[in-house]
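What follows is a set of notes on a single structure, which appears directly below.
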Amino acid sequence: MTFNVLLQYILPHRFLSRIVYWATRWTFAPWKNFLIAKIVRSYDVDMTEAAQPDALAYQHFNAFFTRKLRPDARQADSDARSVLSPADGRISQAGAIVEGRIFQAKGQSYTAAELLGNTASAEPYRNGSFATIYLSPRDYHRVHMPLAGRLMETVHVPGRIFSVAPFAVEAIPRLFARNERLVCHFEGEHGPFVVVMVGAILVSSVATVWDGLVIPPYAPGIRRKSFADQHVVLERFAEMARFNMGSTVIVLFPKDVAKLDAWQPQQQLRVGQRLGALAG
């Protein structure tokens with residue numbers, strides 16, 4: 002076990018994440034400008050795509066990190082049958098869910114039931130498909146709908162807040178099924194699908210367009226919230242949530258709903274790009 006991986010086990014995840022949550026919202030100009038300039042410089046962030054291209058004009062670091070893009074900066078694939086990438090980032094893994102198991106990396110896997118926090122909820126995805134997308138600090142951090150859908154339920158699953166950087170994904174068993182996450186269940190025209198917002202160390206904060214800030218607070222136990230009696234309908238490519246800081250998005254589709262294209266680890270993709278196509 003490397004030192005970096007060992008640190009993932011011994012660091013006080015939630016305590017550090019709470020400090021970062023506060024620090025990234027501090028409006029003290031020298032502080033927020035220092036953080037913003039460092040990220041822009043270190044990760045070569047393309048500010049020409051932003052609705053506000055002046056990086057130092059943002060109120061605080063988190064406002065910069067969750068910045069809106071120009072309306073023409075991202076477009077949905079023109080084929081109405083295309084399943085869209087929900088995020089900018091890189092493919093961590095994508096492919097078939099085999100008898101309920103989702104491949105993580107280098108021999109590591111976890112079950113859809115573990116990820117979703119419920120065995121019955123995972124059954125439709127037993128032999129479906131998945132895509133895991135890693136968002137780096139340079140990426141756009143708003144998450145969009147891969148298909149049109151009606152929100153049925155959210156499940157806030159408590160857990161650790163390990164890093165989701167490639168070194169941790171390769172080394173920590175069942176990482177995505179252990180980290181704090183928000184599971185969003187949708188019903189689309191062709192069947193159900195799931196979008197999972199996975200938290201990560203220092204960056205475990207998630208907000209949705211229907212509920213605002215959901216994480217933090219961190220959950221002491223599984224928290225379910227039904228939207229079945231509400232009419233929360235989001236169109237394909239519409240914004241659905243954002244990471245305050247960054248992390249990972251996992252999408253799951255049943256076998257008879259969507260078929261993903263052949264993706265390789267570390268391939269880059271952007272919101273609205275074709276991820277696959279409807280199966281029917």
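Mapped onto the numbering used here, the consecutive letters of the sequence shown carry residue numbers 2 to 281.
Backbone N, C-alpha and C define an ideal beta-carbon position, used for all residues, glycine too.
Cα-Cα separation, residue i to residue j
i, j, result
"D89", "T249", "10 angstroms"
"R127", "T67", "34 angstroms"
"L57", "I223", "39 angstroms"
"A77", "S205", "28 angstroms"
"F35", "Y59", "12 angstroms"
"Q9", "L17", "12 angstroms"
"P266", "V41", "25 angstroms"
"A95", "A263", "8 angstroms"
"A229", "L235", "14 angstroms"
"K226", "V184", "10 angstroms"
"V156", "D80", "31 angstroms"
"M48", "R75", "14 angstroms"
"L270", "P193", "23 angstroms"
"V46", "A166", "18 angstroms"
"V6", "L203", "15 angstroms"
"P31", "A169", "32 angstroms"
"L70", "D140", "11 angstroms"
"P72", "H14", "36 angstroms"
"K39", "T120", "43 angstroms"
"A123", "P255", "10 angstroms"
"P125", "A51", "38 angstroms"
"E181", "G118", "11 angstroms"
"G213", "E240", "13 angstroms"
"I37", "T3", "30 angstroms"
"F29", "V215", "25 angstroms"
Beta-ladder partner(s) of residue i, from DSSP
i, result
"R151", "E188 and V234"
"Q53", "Its beta-bridge partners do not exist; DSSP assigns none."
"Y135", "R91 and T249"
"M198", "L183 and V250"
"F244", "V207"
"K260", "A278"
"I216", "V207"
"V99", "R102"
"T112", "R102"
"S130", "A97 and F254"
"K226", "T155"
"Q269", "R91"
"V84", "G277"
"R143", "R243"
Neighbourhood of residue i by C-beta distance below 8 angstroms, restricted to the same chain and skipping five residues each side
i, result
"R82", "A278 and L279"
"P217", "S18, R19, Y22, S205 and S206"
"D55", "M48"
"Q231", "L152"
Same chain, Cβ closer than 6 angstroms to residue i, five either side skipped, listed in chain order
i, result
"T112", "G101 and R102"
"L12", "none"
"E171", "A106 and K107"
"V233", "L152 and W211"
Whole-number beta carbon distance between residue j and residue i, since they are thought to touch under 8 angstroms
i, j, result
"I251", "L116", "7 angstroms"
"H145", "L136", "Contact doesn't hold; Cβ gap of about 12 angstroms is too wide."
"Y44", "P138", "5 angstroms"
"V258", "H191", "5 angstroms"
"P87", "V199", "At roughly 12 angstroms, the Cβ-Cβ gap does not stay under 8 angstroms, so P87 and V199 are not in contact."
"I92", "Q268", "5 angstroms"
"S1", "A106", "Residue 1 lies beyond the range of the chain shown here (2 to 281); nothing can be said about it."
"F238", "G273", "6 angstroms"
"L276", "L261", "6 angstroms"
Residues of its chain near residue i, where Cβ-Cβ distance is below 7 angstroms and the 5 sequence neighbours each way are ignored
i, result
"W27", "K33 and H61"
"E188", "G150, R151 and M153"
"S110", "R102, I103 and F104"
"A114", "G101, T120 and A123"
Contact test: residue i Cβ vs the ligand GTP heavy atom, cutoff 6 angstroms
i, result
"Y10", "By its list of ligands, the structure shown contains no ligand whatsoever, and the ligand GTP lies outside what it can speak to."
| request: Inspect the CB distances between the segment 156-174 and the segment 64-83 and report whether three or more fall short of 8 angstroms. | output: no
| query | Between the segment 149-157 and the segment 131-138, are three or more C-beta pairs nearer than 8 angstroms? | reply | no
| query | Counting pairs of beta carbons, one from the segment 238-245 and one from the segment 202-219, are three or more of them closer than 8 angstroms? | reply | yes
| query | Any chance the segment 215-232 sits against the segment 166-176, with 3 or more Cβ pairs inside 8 angstroms? | reply | no
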